[in-house]
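*Asks:*
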Amino acid sequence: MKIWLDGKLVDESEAKVSVFDHGLLYGDGVFEGIRFYNGRIFRLEEHIRRLFDSAKAILLNLPWTQAEVCKFTCETVAANGLTDGYIRLVITRGAGELGLNPYLCPKPSMFIIASTIKLYPDETYQNGLAIITCATRRPAPGALMPQVKSLNYLNNIMAKVEAIQANALEAVMLNEQGYVAECTGDNLFLLKNGTLLTPFISDGALDGITRAVILEIAENLGVPFKECSLTRYDIFTSDECFLTGTAAEVIPVVALDRRVIGTGKPGPFTARFLEAFHQLTMSTGTPFALASE
Ligand code: PMP
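Note that our numbering has the sequence shown beginning at 22, numbered continuously upward.
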């Protein structure tokens with residue numbers, strides 16, 4: 022496997038970062054998870070824009086343009102001979118002296134991995150997930166800005182551990198006020214009386230690229246949608262529920278905390294969103310083969 026690391030494609034065995042890198046020492050950095058389908062990178066520009074916004078929000082000055090990072094990403098995928106898979110793009114604060122001060126790191130470090138990912142077993146896409154609410158809360162936006170896709174994932178990891186310990190594959194995370202924020206690695210959607218509902222970003226959700234695609238699809242399908250504050254009650258009493266994420270794609274949820282949602286089977290709206298999503302992934306995106314020629 023070839024990894025893009027600070028300007029060069031290197032062999033996996035040579036892709037190493039310093040133990041003084043503040044990304045490793047303090048989680049000081051930002052990242053993206055991006056999928057490619059059928060020889061094309063899905064929503065590449067949107068992911069890179071979010072990456073740059075995350076970097077800007079944490080005063081991480083990048084020496085590359087967005088177009089350059091798109092090109093490096095395409096080159097990495099092309100160099101690995103895959104047509105379908107998952108990209109992990111990480112920018113760290115870089116190596117510097119010990120201590121939190123980010124100004125001690127003269128130069129950010131970037132690496133890009135093009136590989137594959139499988140988040141949930143195939144049958145869960147047909148049958149739906151039974152998920153739980155976890156005790157671990159999403160930090161308030163004043164503590165950790167939910168839009169920043171930073172290397173601080175301990176909050177989500179602790180929530181994921183709760184899900185695993187409860188024999189579930191995903192967990193709903195609430196914010197400090199008790200409103201639904203999102204899941205550990207996915208955004209959440211409900212259908213209630215024909216309207217699509219999803220939590221506000223300000224309730225503690227990542228501004229998901231797949232979330233935006235779903236809102237676009239809702240517009241195209243003529244399904245009314247609304248961002249609002251949601252509680253567990255809204256999930257328990259919804260007609261349908263599904264989760265979205267780059268790695269997860271679109272996955273139905275059929276139970277929360279042992280309350281069956283709707284009929285207990287993935288519903289018709291979810292099926293329409295799933296199909297429209299797959300159509301988009303297969304028919305749109307940035308071709309990456311050209312970048313290597
Ligand atoms: N929420 C969190 C906490 C995430 O880490 C992710 C990405 N895995 C998502 C939501 C989904 O975002 P996207 O659709 O941009 O992948």
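Ideal Cβ placement from N, Cα and C applies to all residues, glycine included.
Relative to the ligand PMP, what is the chain-ordered list of residues with a Cβ closer than 6 Å to any of its non-hydrogen atoms?
*Replies:* Cβ-based neighbours of the ligand PMP within the cut-off: 54, 177, 203, 206, 207, 208, 227, 229, 230, 231, 232, 265, 266, 267, 268.
*Asks:* List the whole-angstrom C-beta distance separating residue 203 from residue 192, where the pair is believed to meet the contact cut-off of C-beta under 8 Å.
*Replies:* One-based indexing of the sequence shown puts residue 203 at position 182. One-based indexing of the sequence shown puts residue 192 at position 171. The Cβ separation is near 10 Å, so there is no contact.
*Asks:* Let's see if you can read the secondary structure: which residues bound the alpha helix (DSSP H) around residue 234?
*Replies:* As a first step, residue 234 is located in the sequence shown; it is residue number 213 there, counting from the start. It spans 230-242 - the alpha helix (DSSP H) in which residue 234 sits, taken as one unbroken run.
*Asks:* Write down every uninterrupted run of the beta strand (DSSP E) in the region 143-182 whose length is 3 residues or greater and which is fully enclosed by it, in chain order.
*Replies:* Listed in chain order, the complete beta strand (DSSP E) runs (minimum 3 residues) inside the region 143-182 are 150-154.
*Asks:* Just curious, the beta strand (DSSP E) that residue 74 is in, first and last residue?
*Replies:* As a position in the sequence shown, residue 74 is number 53, starting the count at 1. Counting along the chain, residue 74 falls outside any beta strand (DSSP E), though it belongs to the alpha helix (DSSP H) covering 65-78.
*Asks:* Would DSSP call residue 254 helix, strand or coil?
*Replies:* Your numbering for residue 254 matches position 233 in the sequence shown. Residue 254 falls in the helix class under three-state DSSP.
*Asks:* Excluding the five sequence neighbours on either side, which residues of its own chain have a C-beta within less than 8 Å of the C-beta of residue 70, listed in chain order?
*Replies:* As a working note, residue 70 is residue 49 in the sequence shown. Counting only Cβ-Cβ distances below 8 Å, and skipping sequence neighbours, we find 87.
*Asks:* Straight-line CA distance for residue 50 to residue 242?
*Replies:* Here residue 50 refers to the residue found at position 29 when the sequence shown is read from its first residue. Here residue 242 refers to the residue found at position 221 when the sequence shown is read from its first residue. Computed Cα separation, rounded: 38 Å.
*Asks:* Please determine, among 247, 168, 115, the residue with the shortest C-alpha to C-alpha distance to residue 46.
*Replies:* As a working note, residue 46 is residue 25 in the sequence shown. Considering only alpha carbons, the answer is 115.
*Asks:* Taking the C-alpha atoms as reference points, what is the distance between residue 10 and residue 272?
*Replies:* With the chain covering only 22 through 314, there is no way to say anything about residue 10.
*Asks:* Can you say whether residue 314 is buried or exposed, counting buried as having 16 or more other CB atoms within 10 angstroms of its CB?
*Replies:* Mapped onto the sequence shown, residue 314 falls at position 293. Note on residue 314: pLDDT 47, under 50, position unreliable in the model; the coordinate value appears next. Exposed, because fewer than 16 other Cβ atoms sit within 10 Å of the Cβ of residue 314.
*Asks:* List the DSSP bridge partners of residue 192.
*Replies:* Indexing the sequence shown from 1 puts residue 192 at position 171. Answer by DSSP bridge pairing, in chain order: 153.
*Asks:* Note the first and the last residue of the continuous beta strand (DSSP E) segment covering residue 266.
*Replies:* Position 245 of the sequence shown, counted from the start, is the residue given in the question as residue 266. Segment 261-266, the beta strand (DSSP E) holding residue 266.
*Asks:* Who are the near neighbours of residue 298 in its chain, counting only those whose CB is closer than 6 Å to its CB and skipping five residues on each side?
*Replies:* By one-based count along the sequence shown, residue 298 stands at place 277. If we look at residue 298 and ignore the five residues flanking it on each side, its Cβ neighbours are 271.
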